[in-house]
Amino acid sequence: MKTVRLTTAQALIKFIKQQYISVDGKETPFVEGIFNVFGHGNVLGIGQAMEQDAGDLKIIQGKNEQGMAHAAIAYSKQMLRQKIYAVTTSVGPGSANLVAAAGTALANNIPVLFIPGDTFATRQPDPVLQQVEQDHSASITTNDALKPVSRYWDRVTRPEQLMSSLLRAFEVMTNPATAGPTTICISQDVEGEAYDFEEKFFEKRVHYVDRKAPVERELAGAAELIKASKKPVILVGGGAKYSGAREILMVLSEKHQIPLVETQAGKSTVEASFANNLGGMGVTGTLAANKAAYQSDLIIGIGTRYTDFATSSKTAFNFDKTNFLNINVSRAQAYKLDAFQVVADAKTTLEQLAPLLEGYTSAFGDTISELKEEWLAERERLANVTFKRENFDPEVKEQFTQEVLNEYADALETEFIQTAAVLAINDTVAPDSNVITSAGSLPGDMQRIWNPEVPNTYSVEYGYSCMGYEVSGALGIKLANPDQEVYSFVGDGSFLMLHSELITAIQYNQKINVLLFDNSGFGCINNLQMGHGSGSYFTEFRTHDNKILNIDYAKVAEGYGAKVYRANTVEELKAALEDAKQQEVSTLIEMKVLPKTMTEGYESWWNVGVAEVSENENVQKAYKEKAEIRKKAKQY
Numbered sequence: 001m002k003t004v005r006l007t008t009a010q011a012l013i014k015f016i017k018q019q020y021i022s023v024d025g026k027e028t029p030f031v032e033g034i035f036n037v038f039g040h041g042n043v044l045g046i047g048q049a050m051e052q053d054a055g056d057l058k059i060i061q062g063k064n065e066q067g068m069a070h071a072a073i074a075y076s077k078q079m080l081r082q083k084i085y086a087v088t089t090s091v092g093p094g095s096a097n098l099v100a101a102a103g104t105a106l107a108n109n110i111p112v113l114f115i116p117g118d119t120f121a122t123r124q125p126d127p128v129l130q131q132v133e134q135d136h137s138a139s140i141t142t143n144d145a146l147k148p149v150s151r152y153w154d155r156v157t158r159p160e161q162l163m164s165s166l167l168r169a170f171e172v173m174t175n176p177a178t179a180g181p182t183t184i185c186i187s188q189d190v191e192g193e194a195y196d197f198e199e200k201f202f203e204k205r206v207h208y209v210d211r212k213a214p215v216e217r218e219l220a221g222a223a224e225l226i227k228a229s230k231k232p233v234i235l236v237g238g239g240a241k242y243s244g245a246r247e248i249l250m251v252l253s254e255k256h257q258i259p260l261v262e263t264q265a266g267k268s269t270v271e272a273s274f275a276n277n278l279g280g281m282g283v284t285g286t287l288a289a290n291k292a293a294y295q296s297d298l299i300i301g302i303g304t305r306y307t308d309f310a311t312s313s314k315t316a317f318n319f320d321k322t323n324f325l326n327i328n329v330s331r332a333q334a335y336k337l338d339a340f341q342v343v344a345d346a347k348t349t350l351e352q353l354a355p356l357l358e359g360y361t362s363a364f365g366d367t368i369s370e371l372k373e374e375w376l377a378e379r380e381r382l383a384n385v386t387f388k389r390e391n392f393d394p395e396v397k398e399q400f401t402q403e404v405l406n407e408y409a410d411a412l413e414t415e416f417i418q419t420a421a422v423l424a425i426n427d428t429v430a431p432d433s434n435v436i437t438s439a440g441s442l443p444g445d446m447q448r449i450w451n452p453e454v455p456n457t458y459s460v461e462y463g464y465s466c467m468g469y470e471v472s473g474a475l476g477i478k479l480a481n482p483d484q485e486v487y488s489f490v491g492d493g494s495f496l497m498l499h500s501e502l503i504t505a506i507q508y509n510q511k512i513n514v515l516l517f518d519n520s521g522f523g524c525i526n527n528l529q530m531g532h533g534s535g536s537y538f539t540e541f542r543t544h545d546n547k548i549l550n551i552d553y554a555k556v557a558e559g560y561g562a563k564v565y566r567a568n569t570v571e572e573l574k575a576a577l578e579d580a581k582q583q584e585v586s587t588l589i590e591m592k593v594l595p596k597t598m599t600e601g602y603e604s605w606w607n608v609g610v611a612e613v614s615e616n617e618n619v620q621k622a623y624k625e626k627a628e629i630r631k632k633a634k635q636y
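Take UniProt numbering: the final residue in the sequence shown is number 636, and no numbers are missing along the way.
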């Protein structure tokens, strides 16, 4: 048995470089590179190993641990989970900053490798700088906070432990049923400790992602359910996109007249121009998709988790008549809504199901095109809404008066409507442009009215709805698709939380375009509180003397080195977008938009925690309404 003497950290890097993935016979390296923010817990061990021999790994210096981790997540998502970046940080605040990003990766089933340093295995010195102490256990470190948000978690306190830990981590990341974040914490003294590793451990290793086929029982049951239904609807989830099921989805939909509706993760699996694609479903869905879903007697869920937004908190369907058929690589997900389960790959299942559906046609008929035409007319209406100083919107709650809207118009020097801006962007950018957003009202606007014309160009993270993901994630998408423009849709609230990797994008000449929608507040949450009877309470951005904040975000980005624009009309916005296309450096377009000008829900409902007891009559009314609607929801 031949051995090679390496430090634990050197063995880590040597192993990572030799990991490959094989999907449908195509073999590629699995780890593209490593994002890093070095600290005393990783710079002398992992940092030294990377400096000594990083090989072909691309090394990128992040500016914030959460930010660079979000970039790694967006990269993996855009690469359909077939390639990743690793992320290394120090222990303490560095690893604590990974928690929100790890939650984002876990909620979205995205593989990423986190390698935070850890405290001393020898416990000498103890406590080391940045070490937390708990009286009941000396073994707890900040890294333990990553356990609940990691699909696999381990702590390496001896060099030889690294081998089994890495094998387990890569199995989890390359398994479609378990894909998610893995965390391997390495004690900082052990990072530099040497060991005689077997040379065989560092040989090229291929992780095969074989498509799990459905068994005969599953196919027969699925075919029977579909043929017995009159109005089946296919709900396209993220699993359909990762499986590459676009073509077979279109064939089945067209041949059997089955409409497609989408989750946030599933959107752009099939382009918006496909005749039977009715768009997003649920709380942030289109009127067409929500109407079709409620008419349906069979929901065919393809790779979806059935989140509360997709199901309108389990009120989107008529449970008196609707059955469920779930196709998912995850057995746990396939069981949701008491469905008939097919635990298998989406593309393979649909291809094998196709011949069993010969002769079947749904009863939807012309309804599909009628629903789509109705929605497109509504989308056109939204594009042409203009602000009026009087009676702009009769639906504005009493607490947020026309007078307040006028105040915003004056303070921000704008009359720009958010929906008009989104649609103008959709009309102007190149069809193959990638778009990304995550939190606030923009994911709702995007799922409803953004029409992707090229598959896999819509990357909205709404599984965790993590504020601060938008700008950092744009960098990850650019790394994945360097020849396509990337547009980050971000509200001012999210921009203020985290935009550190805009600097990294500029530093490494990875052009991204930030579209900043500034309505001076947390507009989405303001809508939530006021829509349920509360007043506007600490969700607007106001000064100590109650003046609306008007921040020059363009100047901030200009200081970083970005090309900046200010656009408060459709004409200014389109001109800025056209000029931004010509730039080689990252850009930021600041738009002052009025609050309350985003899209509303279309025949959907979201179950939120309304106060059962309140002195406010509006809150009392909201609670009673919730109690009535909740009776219609499925309880399991």
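By construction, the Cβ of each residue, glycine as well, lies at the ideal position given by its N, Cα and C atoms.
Determine contact between the segment 51-60 and the segment 447-465, defined as no fewer than three beta-carbon pairs at a distance below 8 angstroms.
-> The answer is no - the segment 447-465 does not touch the segment 51-60, with fewer than three Cβ pairs under 8 angstroms.
Assigned exposure category for N616 - 16 Cβ within 10 Å defines buried = The residue you call residue 616 lines up with position 616 of the sequence shown. Only exposed fits N616, as fewer than 16 other CB atoms lie within 10 angstroms of its CB.
Could you name the residues that DSSP lists as bridge partners for F197?
-> Stepping through the sequence shown from its first residue, residue 197 is reached at position 197. F197 is bridged to V4.
Buried versus exposed, by CB contacts within 10 Å (16 or more), Y208 = Counted from its first residue, the sequence shown places residue 208 at position 208. In summary, Y208 is exposed, with fewer than 16 beta-carbon neighbours lying within 10 Å of its beta-carbon over all protein chains present.
Nearest to I512 by CA position, among V343, A220 and A557, is which residue?
-> Taking the sequence shown and counting its residues from 1, one reaches residue 512 at position 512. Nearest option by C-alpha distance: A557.
Decide if Q333 is buried, meaning its Cβ has at least 16 other Cβ atoms within 10 Å, or exposed.
-> By 1-based counting over the sequence shown, the position of residue 333 is 333. Q333 is buried by the Cβ-count criterion.
Could you give the C-beta distance for I299 and L260, rounded to a whole number, given that I count them as a contact under 8 angstroms?
-> Position 299 of the sequence shown, counted from the start, is the residue given in the question as residue 299. Position 260 of the sequence shown, counted from the start, is the residue given in the question as residue 260. Contact doesn't hold; Cβ gap of about 12 angstroms is too wide.
Determine the contact status of N97 and E133, defining contact as a CB-CB distance below 8 angstroms.
-> Residue numbering aside, residue 97 sits at position 97 when the sequence shown is read from its first letter. Residue numbering aside, residue 133 sits at position 133 when the sequence shown is read from its first letter. No, they are not a contact pair.
Residues near residue 685 in its chain [Cβ-Cβ closer than 6 angstroms; skip 5 each side] | This structure leaves residue 685 out entirely; the chain is present only between 1 and 636.
Under a Cβ-count criterion, where at least 16 other Cβ atoms within 10 Å of its own Cβ denotes burial, should F541 be classed as buried or exposed?
-> One-based indexing of the sequence shown puts residue 541 at position 541. Buried: at least 16 other Cβ atoms inside 10 Å.
By how many angstroms is the C-alpha of T304 removed from the C-alpha of K314?
-> For the purposes of this step, residue 314 is taken as residue 314 along the sequence shown, with counting starting at 1. For the purposes of this step, residue 304 is taken as residue 304 along the sequence shown, with counting starting at 1. Distance between K314 and T304, taken at the CA atoms: about 14 angstroms.
Determine the extent of the beta strand (DSSP E) in which F170 is found, giving its start and end residues.
-> The residue labelled residue 170 in the question sits at position 170 within the sequence shown. Where F170 is concerned, there is no enclosing beta strand (DSSP E), although the alpha helix (DSSP H) it sits in stretches over Q161 to M173.
Residues near D189 in its chain [Cβ-Cβ closer than 7 angstroms; skip 5 each side] | Here residue 189 refers to the residue found at position 189 of the sequence shown. These residues qualify, in order along the chain: F120, A121 and T122.
N-terminal and C-terminal residue of the beta strand (DSSP E) that C185 is part of = Residue numbering aside, residue 185 sits at position 185 when the sequence shown is read from its first letter. Taken as a continuous stretch (DSSP letters only), the beta strand (DSSP E) holding C185 covers P181 to S187.
If we call anything under 8 angstroms between Cβ atoms a contact, is residue 637 one with N108?
-> Nothing can be reported for residue 637: it is not among the residues displayed for the chain, which extend from 1 to 636.
What three-state label does DSSP hand L98 in the structure shown?
-> Your numbering for residue 98 matches position 98 in the sequence shown. Secondary structure of L98 (DSSP, three-state): coil.
Local Cβ density within 10 Å of M598, reported as buried at 16 or more and exposed below that | The residue given as residue 598 occupies position 598 in the sequence shown. The residue is buried, with at least 16 neighbouring Cβ atoms inside 10 Å.
Should E191 be counted as a contact of the ligand HEM given a C-beta to heavy atom distance under 7 angstroms?
-> In terms of ligand content, the structure shown is empty, and the ligand HEM therefore cannot be addressed.
Give me the Cα-Cα distance between P394 and C524, rounded to the nearest whole angstrom.
-> Along the sequence shown, read from residue 1 onward, the residue named residue 394 stands at position 394. Along the sequence shown, read from residue 1 onward, the residue named residue 524 stands at position 524. For P394, the pLDDT reaches just 48, beneath the cut-off of 50, and the residue's location in the model is therefore unreliable, leaving the point undetermined.
Cβ pair count under 8 angstroms reaching 3, the segment 377-395 against the segment 239-258 | Fewer than three beta-carbon pairs drawn from the segment 377-395 and the segment 239-258 are found closer than 8 angstroms, and the two stretches are therefore not classed as touching.
Locate the alpha helix (DSSP H) running through P443, then write down its first and last residues.
-> Along the sequence shown, read from residue 1 onward, the residue named residue 443 stands at position 443. For P443, the enclosing alpha helix (DSSP H) covers residues L442 to I449.
Where residue 713 falls, given that 16 or more other Cβ within 10 Å makes a residue buried | Residue coverage of the chain in this structure runs from 1 to 636, which leaves residue 713 outside it and unanswerable.
Check whether the segment 272-285 touches the segment 587-597, counting contact only when three or more Cβ pairs, one atom from each stretch, lie closer than 8 angstroms.
-> By the Cβ rule, the segment 272-285 does not count as touching the segment 587-597, because fewer than three pairs are nearer than 8 angstroms.
Does DSSP put V570 in a helix, in a strand, or in coil?
-> Looking up residue 570 in the sequence shown gives position 570. Helix at V570.
Is DSSP giving V454 helix, strand or coil here?
-> Working through the sequence shown from its first residue, we reach residue 454 at position 454. Here V454 carries a coil assignment [DSSP, helix/strand/coil].
Nearest-angstrom beta carbon gap, G62 and N36 [assumed within contact, 8 angstroms] | Walking along the sequence shown from the start, residue 36 turns up at place 36. Walking along the sequence shown from the start, residue 62 turns up at place 62. Contact holds; Cβ gap of about 6 angstroms.
Determine the direct distance from the alpha carbon of V206 to that of I503, and round the result to whole angstroms.
-> Position 503 of the sequence shown, counted from the first residue, corresponds to residue 503. Position 206 of the sequence shown, counted from the first residue, corresponds to residue 206. Going by the C-alpha atoms only, they are around 35 angstroms apart.
Whole-angstrom distance between A86 and T419, CA atom to CA atom = By 1-based counting over the sequence shown, the position of residue 419 is 419. By 1-based counting over the sequence shown, the position of residue 86 is 86. Cα to Cα, T419 sits roughly 37 angstroms from A86.
Three-state secondary structure (DSSP) at N109?
-> Walking along the sequence shown from the start, residue 109 turns up at place 109. Residue state, collapsed to three classes: coil.
The alpha helix (DSSP H) spanning Y636 covers which residue range?
-> Translated into the one-based positions of the sequence shown, residue 636 becomes position 636. From DSSP, Y636 is part of no alpha helix (DSSP H); its letter is neither H nor E.
May I ask you to verify whether the segment 174-182 touches the segment 214-225, counting CB pairs closer than 8 angstroms and requiring at least 3?
-> By the criterion of at least three beta-carbon pairs nearer than 8 angstroms, the segment 174-182 is not in contact with the segment 214-225.
Whole-angstrom C-beta distance between V422 and S449, which should lie under 8 angstroms | In the sequence shown, the residue the question calls residue 449 occupies position 449. In the sequence shown, the residue the question calls residue 422 occupies position 422. Per the sequence shown, the amino acid found at residue 449 is Ile instead of Ser. Rounded, the Cβ-Cβ distance is 6 angstroms, consistent with contact.
Relative to the C-alpha of S520, which residue among I368, E407, G67 and C466 is closest?
-> The residue labelled residue 520 in the question sits at position 520 within the sequence shown. Nearest in C-alpha terms to S520, of all of I368, E407, G67 and C466, is E407.
DSSP puts H207 in a beta bridge; with which residues?
-> In the sequence shown, residue 207 corresponds to position 207, counting from 1. H207 is bridged to I21.
Three-state secondary structure (DSSP) of G86 | Indexing the sequence shown from 1 puts residue 86 at position 86. Reading off the sequence, residue 86 comes out as Ala, not Gly. DSSP places A86 in strand when its eight states are reduced to three.
For I314, the three-state DSSP class (helix, strand or coil) = Within the sequence shown, numbered from 1, the residue matching residue 314 stands at position 314. One detail in the question is off: residue 314 reads as Lys in this sequence, not Ile. Correct three-state label for K314: coil.
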